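Protein chains in written order, with this note's numbering: chain G, 1 to 366; chain B, 1 to 846.
These notes concern the structure reproduced below.
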Amino acid sequence: MATTKCPYCWTAHRRADLQLSCGERCGDLATRFRERDLDKGRCPHGHPPRGRRMCPACGRDLLREYVDSGGRTIAVIGSSDSGKSTWVGVLVHEFQRGDVSARFAGMSLDLLGENSRVRYARDFATPLFEEGRPVHQTPSALRSAPEPLMFSLRFPRPRRLRPARVVPVVTVFYDTAGEDVARAQAMDQLISYLDAAEGIVMLLDPVQMPEVRDLVGATARTGFTDQLHVVNRLGELLRERARGPVGRRLRTPLAIALTKVDLLRDTLGPGSPLRRPSRHDGVYDEEDGRDVHEEVRGWLDRWYDPAFDRTVANAFQTYRYFGLSALGAPPVSGTRLSPAGVHPYRLEDPVLWLLARFGAIRTRGK
Amino acid sequence: MTGWRFDAARFVDEVLKPVQDGWRPDEDLFRVYLLPLDVSDTGTVRAALDEVGRRFTDQRYRGFRRATEVLRGRHESASGTLLDPARRAAHRARVEAGRRRLAAAVRARLGDGPALPPREVAAQSRALKVPRGAVLAALREGGGDEREPVELPPAVEPVQWGEARGHLAQLRRDSLWDYLAPFGGTATAERALAARREELRAARSADSAAETTLLRLVQGWLAAGDLVGVLRHEVLAHLADRAAYGYADAAGAAREVADRLRALDLGGDPAAVAYAVWCRHAFAGGAEPEWQRHYQHAVRDRRLRTALTVLQQQPSLPAEWAGRRDELERRLAGLDEELERCRALEATDVEAAAAGYLDLGEVLADDRVAAGLERCRPAPPPSARSVVRDGRVVVTWRPSGATAGRIAYRVTRGDEVLAEAVAAGELVDPSPPNATPLVYEVHALRDGNPSASAARTEPVVVLGEVLDLELRGDTDAVTGRWRLPAGALGAVVTRAGAPVAGAHPTGFTDRDARPGASHDYLVRARYRLPDGSTAFSAGVVAGAARQEAPVAVTDLVAGFDRDELVARWTPPPRGEVELLELRPGDDLPEPGVVPAHRARERGTPVRTTGPGGRGALRGRLSAPGGRHTVVPVTVLGDLAAIGAPVEVDARQGPVTGLRTCRFGPTVRLTWEWPEGATAARVVWRASAEPTGPTDPEASTLDVTRVGYDSRGVSIPVPEGDHWFGVCTARSVDGAPVFGPLVLRRETATTALRYSVRRAGPLSRRRTLRVEGGPRSPEVVLVAKSGVRPMDAADGRVLLRLAGGDRDAEFVVPRELPRPVHLRAFSLDDSVVLVPRRPDDLIVRKG
């Protein structure tokens, strides 16, 4: 039986258990009822119901495209100041009108629902691309409930002797507050969120690594989070609801992205794949991905902590390292981005890897 | 039996006497016939009518003949009224109304007092023409009574009491009683007063002077044995003052000073004293004899001789007043002796005589005192001198030797009095006449009485300067103007000691002054003195510069640096250059020299934002972006030269922050766009700088702002040095127009692929192969356990390929723990190696 996970409360429900509500013709008699209780497509009062389904647990509307396409949730975690919100904001821009849209011909990205559109325009597009300032820090789930950002990626899939079919992949991004990940705050919500995720993007902030901080001369903040601690926390959170033996490695694919690589240019050799453009042109290039994976793994071993990779490898069955820069250049101040604009680098690689694993895009060189 | 009885005494007092004095009996027939007002029994009325009627002819009352005749003549009508109940009732109503009026009158007279003295009761009886009993009845009905006040000392003001009150006020003392308390009050002794006067001898304040005089007065009263009398007068005067506000105030005040009353033997009952004082105040009108008031006024005015005459003219003075008269006679005799002494002193010691007269004048008003002071003139100042200072004359003098009285000085110039009474030794004549010898006289004044002669100054002559001098520098000359002071005939103007041509009495025009330089002019007023000679004032100096024509700027170069305007020009020899931003739509100003204020009206000054200097400016225009016209204006004094305007377009400014970043075979370019720019051209060329946006040897890429913001600019280039240039671009009338080209250099590398494969199916040997490119670089293959080598030195070198070699075989040593990661590095900086299959670089076994 097909199930749907509510993108708001992360509870799983059978499709037939999703709720419908009476239409306006029922007036004061209007009520809610399960989809399976439809009588020849009509509500208990014999009238056509409202079209939109609702989550039986939280009562929020579920978009049809999300329900029918089996929306996939991608969780984004990272320590505070690792750039999660910036990454999400620039990622949508890149898929809509940036370099990625040029490399994946025919692909489109549409934000789903008024909430997502308004929130993206207000919290991401306006500060980053119109006002040239960083996005605000994500509030803790203790202070306000996180709102998902839902969008539909549509890929044209050619078919032999028939017109190409458009395959939608509805993706739900949750932007967590770094402080919630680093500390034991808002646990239940975070666990539900991670448990529901079919892919996790974990952002590693090199500026919070002591050696790198000295290397690049970052002095802006004093409270830094050990990135290894974030991985350990992630494993703990996922095991809270995992089934099976505790020793079994977690199956959720984990994309570990080293951010702000524009600051690390001098630590990368001239032959580094992180000094070359991405090769994901219309497909996910597995050779390029492996090259970057090994490069980042080697870099972490040299500049951060050799234990990091072992910890990840022992906790996750499937993981891959990435290197990216969301802005392309560091902000000139805490309130102003580089006046040259936003020019990301390999920003999309983690999502392309996950999409390839979901089967939404093809993989080359596997 | 009616119970009615004839009362002979009442009949005389209440009937015969009033009728004899003119009272009309028909106003109250009940009173005439000695009947109660509420009588209703006709028998009683008849009995009274019969009995009283008989008395009208009784010979015992023949002394009241006029009254008895009147009563007899009205008896018949009276009988008719009293015997008729209706008429009697009407008459009773009228009588009752009359009695109510009486009660109101008596109450008004009593006020808030407890009683009326018998004399006042009698006076009211006479005045109201009612029997005394009626007054008393009305008085008691109003809560009062008839009472005789206690005896008080006569309210005679002691000699010099008014003066003593003044001194007490100066000392802020409420009463002499309080002042004398530390000295013993009524038992004050002469010794204590003398000791206090000794203490005050060194003091010079107004308070000490007042206290010294007060002590002298007290000593006088003490010597005359009248101190207690003075204190009694003080406390009774105090109660009298309060009695003016009513009996209640007087009674309250009496309770407050009960101790003083007992100490002064004025009675132990404060209420009784208060009643007596109140009676004296309320009912003593006309009681005090006229001569006493004349006496008091004379004493208050220090006319002691008049006061004595008043007392001497009274035929029978009471004993106390007789004693006062004798005392006054003795005192006047003493004052006369003092007058004579002062008169004698006039010949030998004028100041001592004047001091004596002044002392006498304080206690005695006498023509001889005034005449004596008139004769004792003060000495004049020993000397006086005058000095001309800033057009005014300062007169100074040494003080007069006179000491008695208030000494002041009167200063005169000719017949004009400059100051009537100056205390200081200096006076400034603010407006002396010019060109006239001036002599000043200074008289000493003693209380306004001038010295017989004056101190005179030597003559001085004032030569005033020209007035309201103004100089102005124009482009062709320096002009000046002024007003001549009174008496001046003209003026002389000099510059650097030489006379200025073109001067006239109230101005000059100097066309010979050198332009651009500052000049000092000396202007002196010219006078003719009484002796016919010519004299000049010291002169006034003023500076001015002849205006120089400013030089216009003709080579202004301006552009934008981000949103700031950066301008350069050749600085003119003199003057300040201002940049004006023309308002949109305004015509370009004609070059030329105009008044500075008119030039500034042509535009808005460019706001300076950074350090500039001569010939350079960094500033901000009124609105960022767009096209603007900037005009240089050279301001020199009041003139400005309008220079050649230039047009600046923010969209055509240079891009800033151009940065190149190499990503393998591509170069990413980023830059900051000028405000308002929407398009740019990217130009690149191998090995050489592009000559411009349209360099035919260079490659170009036109970029829009939208494309830049969406996808950025990445340019694939071959290996080697490349120059990249970026400039703004826009289309004007269909033709492309470019901004300044900003250049950067970047070196691109060549990427060659390499692979590692087993040499055979079961072989431990592996082959490294470098693919592509015209020539392979020198290569080193490094192995490392666990993780990928990050550079050529990060691991164990397994193989080296010489430049040009494409492949070679190698073996991964067994001793290296698996997995072993292999990686090839180019030793040529211009070539990078890219693995074909990264997984093949990991040796997990074998």
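Every residue, glycine too, gets a C-beta built ideally from N, C-alpha and C.
Keep in mind that this is a model prediction, so the values were computed, not measured.
- Note that the C-beta distance between B/Gly653 and B/Thr728 is below 8 angstroms.
- Contact residues of the region 108 to 142 of chain G toward chain B are Phe129 (C-beta to C-beta distance below 9 angstroms).
- Listed in chain order, the non-local C-beta contacts of B/Leu373 below 6 angstroms within the same chain comprise Tyr357, local neighbours out to five positions each way being set aside.
- At least one CB atom of chain B sits nearer than 8 angstroms to the CB of G/Arg97.
- Between B/Ala307 and B/Leu339, the CB-CB gap reaches or exceeds 8 angstroms.
- One finds Gly271, Pro273, Arg276, Asp291 in chain G with Cβ atoms closer than 9 angstroms to the Cβ of B/Val834, taken in chain order.
- In terms of beta-carbon proximity, G/Asp301 lines the interface with chain B, with at least one pair separated by less than 8 angstroms.
- Within the model, the alpha-carbon separation for G/Pro56 versus G/Pro127 is close to 36 angstroms.
- Looking at the DSSP output, G/Tyr345 bridges to G/Ser325.
- Against chain B, a Cβ distance below 8 angstroms from G/His343 picks out Arg668, Thr670, Gly712.
- B/Ser451 sits away from B/Pro399, with the two beta carbons spaced by 8 angstroms or more.
- Here G/Cys58 is exposed, its C-beta having fewer than 16 other C-beta atoms within 10 Å.
- Taken through DSSP and simplified to helix, strand or coil, B/Leu34 comes out as coil.
- Interface residue (Cβ-Cβ distance to chain B less than 8 angstroms): G/Ala242 is not classified as such.
- With a contact defined as Cβ atoms closer than 8 angstroms, B/Leu833 and B/Ala824 qualify at about 5 angstroms.
- Distance from the CA atom of B/Arg745 to the CA atom of B/Asp721, rounded to whole angstroms, is 7 angstroms.
- B/Phe283: not part of any beta strand (DSSP E); member of the alpha helix (DSSP H) spanning 270 to 283, first to last residue.
- Going by DSSP, B/Ala224 is part of no alpha helix (DSSP H) at all; its letter is neither H nor E.
- Distance from the CA atom of B/Pro131 to the CA atom of B/Asp7, rounded to whole angstroms, is 14 angstroms.
- Contacts with chain G at 8 angstroms (Cβ-Cβ) include B/Pro838.
- For B/Asp520, no CB of chain G lies under 8 angstroms from its own CB, so it is not counted at the interface with that chain.
- Interface criterion not met: the Cβ of G/Gly89 is under 8 angstroms from no Cβ in chain B.
- The beta carbon of B/Leu467 lies closer than 7 angstroms to those of Trp482, Arg483, Pro485 in the same chain, with the five residues before and after it left out.
- Three or more beta-carbon pairs separated by less than 8 angstroms link the region 318 to 332 of chain B to the region 144 to 163 of chain B, which places the two stretches in contact.
- Pairing G/Phe322 with G/Leu258 gives a Cβ-Cβ distance under 8 angstroms.
- Between B/Leu193 and B/Gln219, the gap from beta carbon to beta carbon is short of 8 angstroms.
- At a cut-off of 8 angstroms between beta carbons, G/Gly247 makes no contact with chain B.
- A straight line joining the alpha-carbon of G/Trp303 with that of G/Leu274 spans about 15 angstroms.
- Nearest Cα to B/Thr534 within the set B/Val594, B/Val235, B/Leu463: B/Leu463.
- Apart from sequence neighbours up to five positions away, the residues of its chain that approach B/Ala155 with a beta-carbon distance below 8 angstroms are His233, Leu236, Ala237, Ala240, Arg280, Glu288, ordered along the chain.
- Ranking B/Trp221, B/Ala195, B/Gly643, B/Ala123 by CA distance to the CA of B/Leu580 puts B/Gly643 first.
- For B/Thr747 and B/Thr694, the gap between their C-alpha atoms comes out near 22 angstroms.
- Against chain G, a Cβ distance below 8 angstroms from B/Gly664 picks out Arg275, Arg276, Pro277.
- Residues of the region 689 to 721 of chain B with a C-beta less than 8 angstroms from any C-beta of chain G: Tyr708, Asp709, Ser710, Arg711, Gly712, Ser714, listed in chain order.
- For B/Ala344, the uninterrupted alpha helix (DSSP H) segment begins and ends at 319 to 345.
- B/Pro819 sits close to B/Val843, with the two beta carbons spaced by under 8 angstroms.
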